[in-house]
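Q:
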Amino acid sequence: MLEFFSTADVGTAAACFEGHSIVVPAVSFANVGQLALDLLVNTLLAAGSTLAEAQLVGHLVSENVPPIAGGAAFTTQARSALCLNLQVYQIASHKITIIQQRAAAFPGRAQAFAQELVEWAASNNVASLCVVGGTDDMLRHDPNMLSRPIRVIHSGASAELVNPTFIERFAALSTSDAQSDVPSDVWESMRGAGLAPLLYSECVAAKLPFVALVMACAEGDNVPDAVAMASHVASYLQLGPSPAPDARLPRLPFVFPPSWSQLFGRGPDVALYL
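Be aware that the sequence shown starts at 1, since it is given in the numbering used here, and climbs by one per residue.
1. Residue range of the beta strand (DSSP E) that I68 falls in?
2. Assign P25 to one of three DSSP states: helix, strand, or coil.
3. Considering only the beta carbon of each residue, do A36 and P257 sit closer than 7 Å?
4. Using C-beta distances below 6 Å, list every residue in its chain close to A212, excluding the 5 sequence neighbours before and after it, in chain order.
5. Measuring straight from C-alpha to C-alpha, what distance separates R169 and N85?
6. Measure the C-alpha to C-alpha separation of L79 and N42 and round it to an integer number of angstroms.
7. Which one or two residues does DSSP pair with Y89 in a beta bridge?
8. Let's see if you can read the secondary structure: which residues bound the beta strand (DSSP E) around T135?
9. With a threshold of 8 Å, are at least 3 pairs of Cβ atoms found where one atom belongs to the segment 47 to 66 and the other to the segment 97 to 114?
10. In terms of alpha-carbon separation, which member of F17, D136, A127 and G71 lies closest to L208?
11. Cα-Cα, which of P149, A47, S6 and N31 is closest to T76?
12. Please name the residue, chosen from P66, T7 and G134, that lies closest to C217 on a Cα-to-Cα basis.
13. Nearest-angstrom Cα distance between T165 and L237?
14. Which one or two residues does DSSP pair with H232 in a beta bridge?
15. Does E3 come out as helix, strand or coil in the three-state DSSP assignment?
16. What distance in whole Å lies between the Cβ atoms of L198 and I22, which are believed to be in contact at a cut-off of 8 Å?
17. Using DSSP with H/G/I as helix, E/B as strand and the rest coil, what is A212?
18. For a quick check, are the C-beta atoms of V27 and D225 less than 7 Å apart?
19. Considering only DSSP beta bridges, list what V61 is partnered with.
20. Any idea which residues DSSP pairs S123 with across the strands?
21. According to DSSP, L82 sits in a beta bridge with which residue or residues?
22. Mark E18 as exposed unless 16 or more other C-beta atoms lie within 10 angstroms of its C-beta, in which case mark it buried.
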């Protein structure tokens, strides 16, 4: 059973999440979803009320994922602070909740975790579930290898989601009654999508509006991928400044998390090349 442990004065879970759109990473290929949400949360925390104020409201506990703790990840945290798995941040002004998952489900528990997450969301009357993740670039065709398209997959009518206009800009797939010819194997061409396919199936069964933003990428330096994905997530969630007439995405002033300074080790000693 998924349990929510709140910080002080945020109220009950039902009151805290009702009508909110939940955003979670798929814990997928190249960690693109987790990196993108870390970047987005850090930017909102650093900007405060000048953009859309985000607040830590608690964390979730599940028997299906490890209860880990790590060092401070965000600019606004003290160096001695900790980050937990399944920490919950809210943007109350937009009715958006971001759940940052930092460790995958235990082996053999992914289905159970996906099921309990959707059941928890439905029981708290959330409006929709958005999943952010990456897939393996190796399955793409050569002509597309130099691009970084975001593929959008959703269930239910786009009008039930946060930003229908954003959804309609993409060649999205739908499982609504109005589009019954959608292939059932939509995820088979995507390797490494993590929990996204399982959450998709659970949301369809629960009739909970669902959208996934998925980027094909390669392992390595995925900071550019995270920036691109965070830009699309911010656009979908309608965060940040309004885009210029000739711009496709809002120009959000991203603030990189200090934890990203540890993404790579130190470079080789230059003395090796003298």
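From the three backbone atoms N, C-alpha and C, an ideal C-beta is built for every residue, glycine too.
A: Taking the coordinates as given:
1. Here I68 belongs to no beta strand (DSSP E), and DSSP marks it neither H nor E.
2. strand
3. no
4. V131, I153 and A196
5. 33 Å
6. It is worth fixing the name first, because residue 79 is Arg in this sequence and not Leu. Spanning the two alpha carbons is a distance of roughly 15 Å.
7. L56 and I98
8. S128 to D136
9. yes
10. A127
11. A47
12. G134
13. 11 Å
14. BP columns for H232 are empty, so no partner.
15. strand
16. Rounded, the Cβ-Cβ distance is 15 Å, inconsistent with contact.
17. strand
18. no
19. E3
20. DSSP lists no partner for S123.
21. G71
22. exposed
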